[in-house]
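Just so we're aligned, residue 1222 is where the sequence shown starts under our numbering, counting upward by one. Glycine residues also receive a C-beta, built at the ideal position from the N, C-alpha and C atoms. Notes follow the structure.
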Amino acid sequence: MPGAPLPLFGAALSGSIITPAEAQYGSFYNHLGKHHFYSIGGDAAVVLVSGERIGAVGPRGEVVIPEGARVVDMSGKWIIPGLVDAHIHLFQSGGLYTRPDIIDLRSIRPYAAEVDWVRARLPMTLARYLASGVTAVLDVGGPFWTFEARERSKTMPHAPQLAVTGPLISSSMPSELRVADPPILEVNSPAEARAAVRRVLAQGPDLIKLWWIPEASRSLGEQSRWVRAAIEESHRAGVRVAVHAIQLEVARAAVRAGADVLVHSVDDHRVDDGFVRLLKEHNVVYVTTLGVNQGYREVFEQRFKPTDLERRLGDAEVLATLDDLADLSLWKGAFWKRWLLRWPDPRIASWNLRRLHEADITIAAGSDAGNIGTLHGPALHRELERMAEAGLAPLAILKAASQGGARAMGRGSDLGTLEPGKRADLLILDADPQSDIRHARYIYRVVRGGAILNPEYIATAPSGEPPDSETERHY
Ligand SMILES: [Zn+2]
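Pasting the structure below:
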């Protein structure tokens, strides 16, 4: 978004906020009054929290600490903004039965049953994000019930900030996904595209999402008519549009038609200078999703190995389904009707990410969690490692996983950096994330809207139940 405030993020990282403190780890208080005061010890920086917001950030000595504020000593820790996963799908479990259009196992678990199961687990699923240090997520496509999920999440003590697009709008609707409240609204003309957008707009989406699957039978120019109509209709209502367009020429056509967010990396060709300029001119946010294909592939080739973090914070019942293909009878029964998936050379997406990052395009980290083999919550950390493998420095990755994600959500002025006035969603880390992005996993505390939470507690908490006492249950 133009006019975004100058982020303190870079300053914070190169200055004092994230500097390891020399002082020893001291006493630790939780103050439930109006102010929290976080000190990183020694003469390092402080973050002053007032209610749910950041009141001030700066070197100790420069920040005026209100009378009555309590000091929470974070000596020897690192403070970063809460992580943002800019691409998730709450209607998908991450398990084997969640995409019958890709691997049809409905004879074993009917699709409607899978979706009901997913809905029932929602509070726990959202808590897995928070325990993973993800304090905000953007759901880029799901049934109309995801709007209810957004409402419910506001009263859940362990939910991240949640933005949703509602149903994907597409000219392509896999028949396997036809249930009462399907994730996709099928449109076959510009007029139908406008009508579908209006239907979703009535629910107050954070963005509109278009799923552009190129059709061999029609030219790209012809297909872009419905895309352009949908974007016009949405922009008229002041709502930005996120588009699934993974091929270079489709992505180019999407941006020309007015797309604000590209929800995946371009993975079929290296981007050219014209494409880079186009993204810049249109101020497009580019979401990574480098790991999602690999998740599918490892599960289908029966070599998926959860990371320690995924074992600890992922949904054990979802994880268990990923081994079900080992049962050959199940495997033989699978009906591979449709291949939405290709296995593109991952080096192309990595090269493109590097190129766009160097050109200063806004990058947002997104995992595409909910897809088979990509687990709600911890998957973002896998994605951050893919970004490091692609050649991005830890600081650039952190920026994409906070400020970039906040911009993708349309909440750049509210989330994503350590700045006065922004929501106090922070992570306190035990290790320096500047030296190795994997250190972002070592989460000592998660601060959610000013409340200091112990991730160990969040991960084992009864689903969505408000804590009896903040002080007792969080420490
Ligand atoms: Zn997706």
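Residues bridged to residue 1461 (per DSSP): The residue given as residue 1461 occupies position 240 in the sequence shown. Note: residue 1461 sits in no beta bridge, so no partner.
I need the DSSP call for residue 1592, collapsed to helix, strand or coil. Residue numbering aside, residue 1592 sits at position 371 when the sequence shown is read from its first letter. The answer is strand: DSSP assigns residue 1592 an E or B state.
Between which two residues does the alpha helix (DSSP H) carrying residue 1572 extend? One-based indexing of the sequence shown puts residue 1572 at position 351. First-last of the alpha helix (DSSP H) with residue 1572: 1567–1579.
In angstroms with no decimal places, state the Cα-to-Cα distance between residue 1393 and residue 1408. Numbered from its first residue, the sequence shown carries residue 1393 at position 172. Numbered from its first residue, the sequence shown carries residue 1408 at position 187. Residue 1393 and residue 1408: Cα-Cα distance of roughly 8 Å.
For ligand 1, I want to know if residue 1310 counts as a neighbour, meaning its beta carbon is within less than 7 Å of at least one of the ligand's heavy atoms. By one-based count along the sequence shown, residue 1310 stands at place 89. Yes, the beta carbon of residue 1310 sits closer than 7 Å to at least one heavy atom of ligand 1.
Are there any heavy atoms of ligand 1 lying less than 7 Å away from the beta-carbon of residue 1322, as far as the coordinates show? Taking the sequence shown and counting its residues from 1, the one referred to as residue 1322 is at position 101. No, Cβ of residue 1322 sits at least 7 Å from all heavy atoms of ligand 1.
Just checking residue 1315 against ligand 1 - is the residue's beta carbon closer than 7 Å to any of the ligand's heavy atoms? Along the sequence shown, one-based indexing puts residue 1315 at 94. No, since every heavy atom of ligand 1 falls outside the 7 Å radius drawn around the Cβ of residue 1315.
For the segment 1613–1655, which segments carrying the beta strand (DSSP E) assignment without a break, of at least 3 residues, lie completely within its bounds, in sequence order? 1647–1650
So for residue 1484, helix, strand or coil by DSSP? Against the sequence shown, residue 1484 aligns to sequence position 263. Of the three classes helix, strand and coil, the one that applies to residue 1484 here is coil, per DSSP.
Pick from 1540, 1421, 1470 that is closest to residue 1492, judged by C-alpha positions: Counting from one through the sequence shown, the residue named residue 1492 turns up at place 271. With distances taken between Cα atoms, residue 1492 lies closest to 1470.
Keeping to the same chain, check which residues put their C-beta closer than 8 Å to that of residue 1586; ignore five residues upstream and five downstream. What you label residue 1586 is simply residue 365 of the sequence shown in a count that begins at 1. Cβ within range, chain order: 1304, 1305, 1306, 1307, 1508, 1509, 1601, 1604, 1605, 1608, 1618, 1621, 1622, 1625, 1626.
Tell me, to the nearest whole angstrom, how far the beta carbon of residue 1584 is from that of residue 1574; I am working on the premise that it is less than 8 Å. Here residue 1584 corresponds to residue number 363 of the sequence shown, with the count starting at 1. Here residue 1574 corresponds to residue number 353 of the sequence shown, with the count starting at 1. Sure, about 7 Å apart at Cβ, within 8 Å.
Per DSSP, which residues does residue 1432 bridge with? Please list them. Here residue 1432 corresponds to residue number 211 of the sequence shown, with the count starting at 1. Residue 1432 is bridged to 1391, 1465.
With 16 as the cutoff for other CB atoms within 10 Å, does residue 1371 come out buried or exposed? Counting from 1 along the sequence shown, the entry for residue 1371 is found at position 150. So residue 1371 counts as buried.
Have a look at the DSSP bridge pairing and note the partners of residue 1583. By 1-based counting over the sequence shown, the position of residue 1583 is 362. Beta-bridge pairing links residue 1583 to 1506.
Which residues does DSSP list as the beta-bridge partners of residue 1274? Along the sequence shown, one-based indexing puts residue 1274 at 53. In the DSSP output, where bridge partners are listed per residue, residue 1274 has 1271, 1644.
Per DSSP, residue 1359 is paired with what? Here residue 1359 is taken as the residue at index 138 of the sequence shown, counted from 1. In DSSP, residue 1359 forms a bridge with 1384.
Return helix, strand or coil for residue 1564, following the three-state DSSP convention. For the purposes of this step, residue 1564 is identified with residue 343 of the sequence shown, where counting begins at 1. Three-state DSSP puts residue 1564 in coil, outside helix and strand.
Evaluate residue 1387 with the Cβ neighbour count: other Cβ atoms within 10 Å of its Cβ, from every protein chain shown; 16 or more gives buried, anything less gives exposed. For this step, residue 1387 is matched to residue 166 along the sequence shown. Counting Cβ neighbours within 10 Å, residue 1387 comes out buried, since at least 16 surround it.
Apart from the five residues just before and just after residue 1460, which ones in its own chain have a Cβ nearer than 6 Å to its Cβ? Stepping through the sequence shown from its first residue, residue 1460 is reached at position 239. Taken in chain order, the residues that qualify are 1429.
When 1645, 1297, 1435 are compared against residue 1277, the one with the closest alpha-carbon: Counting from 1 along the sequence shown, the entry for residue 1277 is found at position 56. Ranking 1645, 1297, 1435 by Cα distance to residue 1277 puts 1645 first.
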